Amino acid sequence: MTSTDSSLGPALLTLAIGAAGAAFAALLHMPAPFLTGPALSVTLAALAGLQARLPDRFRDACFVLVGVNLGASVTPEAIETAIRWPLSLVVLALSVLAIILLGSRLLRRLFGFDRMSALLTATPGHLSFVLSLSTDVRADLLQVTMIQTIRVLALTLLVPFLAPLLGHGDLPVLPPQGAPPMALWILLPLVALSALAGLVLLRLRVPAALLLGGMGLSALGHATGTIPGSVPAWLSVPAFIAMGTLIGTRFSGVTPRMLGKALGAASLLTLFATLVSLAAAALVSKLLGLPILSALIAFAPGGLETMIAMSLLLNADPAYVTTHHVFRLLMLTVVVPALVARTRRVMAREAAARTPRD
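Counting with my numbering, you get residues 1 to 358 for the letters of the sequence shown.
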């Protein structure tokens, strides 16, 4: 067997488990089944010992397709409401700071985390950036990774079930039906150009570059009326399933014992972050008259690609959600290094105070 065959087998099995989870979730009428079903089924399989993985190029292609699909739902009406978003972004920034500062204090006092590990663990999102910082500052990399991963999974499963409790009513099980599917002669060039735009953004180190490249071009075309139609379901549904499956693959190599060790801190932190985000979303919804579902998904602390995709599956405003999640990541890119530098100085002073003087 070649190395390609040996890597393809686990990938196909992982996708099959994700597809089965999506089908089962749809049969149970779970909201957003094409994300929640695969995320849960692949996570359970990975914890049972499956070598869960997806090929990088397949994953990237799915990001582009989901981005194009999201852009197709950006309407001129949605753009007109953007004038009300600055206040919403201010509230988001305050909620993110509250999650980081108060969440890290909870981890230190209740679970004995050191200052640096608590800070990076409490950071709501930008996982790859946080993990790179964890390596540089010698934080507890395993603990940070585990708790951040559990948080993303928990949010993926929690958000679709919180929305009906907030008075939104029944959520759609299948993606909402919008415009007719795009003709292939329009879709194929759009996907190719979107992939190219995503690669350019990737070189510029923009978060979620491939998804945003697809969404940007598609949104520009649909908002101006240049491009009609949506991505056909036979392409969009498998892309959503792949995104849900990708969440589960993060648990590959994690043992139940490792999970159990991190579960207490992860549960408390996720609950705290969810309550802060929920309160901020409710405030923005009340002040600006925005749908609570859109605000909730936009303020959910983490999982950029997942939450943006969920906005389409649950018929929220993808432009509003995307703006807020990208803003959160850009904010973290600036704020977290500053907080890391501040924490280093505090830890250095504490270490000097403990050192006995001659």
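Each residue gets a CB set at the ideal place from its N, CA and C atoms; glycine is no exception. These numbers were taken from a predicted model, which means no experiment stands behind them.
Handout entry: Which of helix, strand or coil DSSP assigns to P181
Key = P181 falls in the strand class under three-state DSSP.
Handout entry: Touch test, the segment 9-25 against the segment 44-52, Cβ-Cβ under 8 Å, three pairs minimum
Key = Segments in contact, yes.
Problem - Through-space distance from L94 to P301, alpha-carbon basis - result: Taking the straight line joining both Cα atoms gives about 12 Å.
Exercise for the section: Evaluate L35 with the Cβ neighbour count: other Cβ atoms within 10 Å of its Cβ, from every protein chain shown; 16 or more gives buried, anything less gives exposed. Expected result: Buried: at least 16 other Cβ atoms inside 10 Å.
Exercise for the section: Quick one: grab the DSSP three-state call for S230. Expected result: S230 sits in a strand when the DSSP states are folded into three classes.
Handout entry: Y320 vs S285 beta-carbon contact at 7 Å
Key = Taking the C-beta atoms as reference points, S285 is found no nearer than 7 Å to Y320.
Exercise for the section: Taking A273 and P124 to be in contact with their CB atoms under 8 Å, please state how far apart those CB atoms are, rounded to whole angstroms. Expected result: A273 to P124, Cβ: 6 Å. Contact.
Handout entry: Separation of R205 from A197, as counted between CA atoms
Key = C-alpha separation (whole angstroms): 12 Å.
Problem - Proximity of A280 and F251 at Cβ, strictly below 7 Å - result: Cβ distance not < 7 Å, so A280 and F251 don't count as in contact.
Practice task
Determine, using beta carbons only, whether L193 and L212 come nearer to each other than 7 Å.
Solution key: No, Cβ-Cβ distance for L193 and L212 is not below 7 Å.
Problem - Supposed close pair A239, V66 - CB separation, criterion 8 Å - result: Right, the Cβ-Cβ distance comes to about 5 Å (below 8 Å), so this counts as a contact.
Problem - Burial state of V144, where buried means 16 or more other Cβ atoms lie within 10 Å - result: V144 should be labelled buried.
Practice task
Measure the beta-carbon distance from E350 to F63 and round it to whole angstroms, keeping in mind my assumption that it falls under 8 Å.
Solution key: Distance from E350 to F63 at the Cβ level is roughly 43 Å; contact not present, criterion being Cβ atoms closer than 8 Å.
Exercise for the section: Can you say whether P172 is buried or exposed, counting buried as having 16 or more other CB atoms within 10 angstroms of its CB? Expected result: Unreliable placement is indicated for P172, whose pLDDT of 46 sits below 50; no coordinate value is reported for it.
Handout entry: G229 versus A309 - alpha carbon distance
Key = In a straight line, the C-alpha of G229 is about 18 Å away from that of A309.
Problem - L162 burial status per 10 Å Cβ neighbour count (16 or more: buried) - result: Flag for L162 reads buried.
Problem - Cβ pair G400, A39 closer than 7 Å - result: Past the boundaries of the shown model lies residue 400; the chain is included only from 1 to 358, so the question cannot be answered.
Practice task
Let me know the secondary structure DSSP gives V90 once reduced to three states.
Solution key: For V90, the three-state secondary structure derived from DSSP is helix.
Exercise for the section: Ignore the nearest five residues each way along the sequence and tell me which others in S104's own chain have a CB closer than 8 Å to its CB. Expected result: Excluding sequence positions up to five before and after S104, its CB lies within less than 8 Å of the CB of F113, R115, A118, L119, T121 and A122, all in the same chain and listed in chain order.
Handout entry: P399 classed as buried or exposed, judged by whether at least 16 other C-beta atoms fall within 10 angstroms
Key = Because the chain spans 1 through 358 in this model, residue 399 falls outside it and cannot be assessed.
Exercise for the section: Alpha carbon to alpha carbon, how far is L27 from L110? Give it in angstroms, no decimals. Expected result: If I take the Cα positions, the gap works out to 41 Å.
Exercise for the section: With distances taken Cα to Cα, identify the nearest neighbour of F327 among L290, H29 and V90. Expected result: When each option's Cα is compared against that of F327, the closest is V90.
Handout entry: Delimiting residues of the alpha helix (DSSP H) encompassing P55
Key = Per DSSP, P55 belongs to no alpha helix (DSSP H) and is neither H nor E.
Practice task
Give me the Cα-Cα distance between L235 and S41, rounded to the nearest whole angstrom.
Solution key: The alpha-carbon atoms of L235 and S41 are separated by roughly 21 Å.
Practice task
Look at the Cβ atom of L70, then the Cβ atom of M215, and state whether they are nearer than 7 Å.
Solution key: M215 sits close to L70, with the two beta carbons spaced by under 7 Å.
Practice task
Go to A46, then tell me how far its alpha helix (DSSP H) extends in each direction, as first and last residue.
Solution key: Unbroken alpha helix (DSSP H) run through A46: P33 to L47.
Practice task
Quick one: grab the DSSP three-state call for V254.
Solution key: When secondary structure is reduced to three states using DSSP, V254 falls in the coil class, being assigned neither helix nor strand.
Exercise for the section: With DSSP collapsed to three states, give me the class of R342. Expected result: DSSP places R342 in the helix class (H, G or I) of the three-state scheme.
Problem - Start and end residues, alpha helix (DSSP H) containing F382 - result: Outside the shown range of the chain, which is 1 to 358, sits residue 382, and nothing can be said about it.
Exercise for the section: Enumerate in chain order the residues of its own chain whose CB-to-CB distance from L287 is below 6 Å, with the five nearest sequence positions on each side excluded. Expected result: If we look at L287 and ignore the five residues flanking it on each side, it has no Cβ neighbours.
Handout entry: P86 burial status per 10 Å Cβ neighbour count (16 or more: buried)
Key = Counting the other CB atoms within 10 Å of its CB gives P86 a total below 16, which places it among the exposed residues.
Handout entry: A11 versus T149 - alpha carbon distance
Key = Approximately 20 Å, taken between the alpha carbons.
Exercise for the section: Could you spell out where the alpha helix (DSSP H) holding G289 opens and where it closes? Expected result: Going by DSSP, G289 is part of no alpha helix (DSSP H) at all; its letter is neither H nor E.
Handout entry: Status (buried if at least 16 other CB within 10 Å, exposed otherwise) for A45
Key = Burial state of A45 is buried, judged by a 10 Å Cβ sphere holding 16 or more other Cβ atoms.
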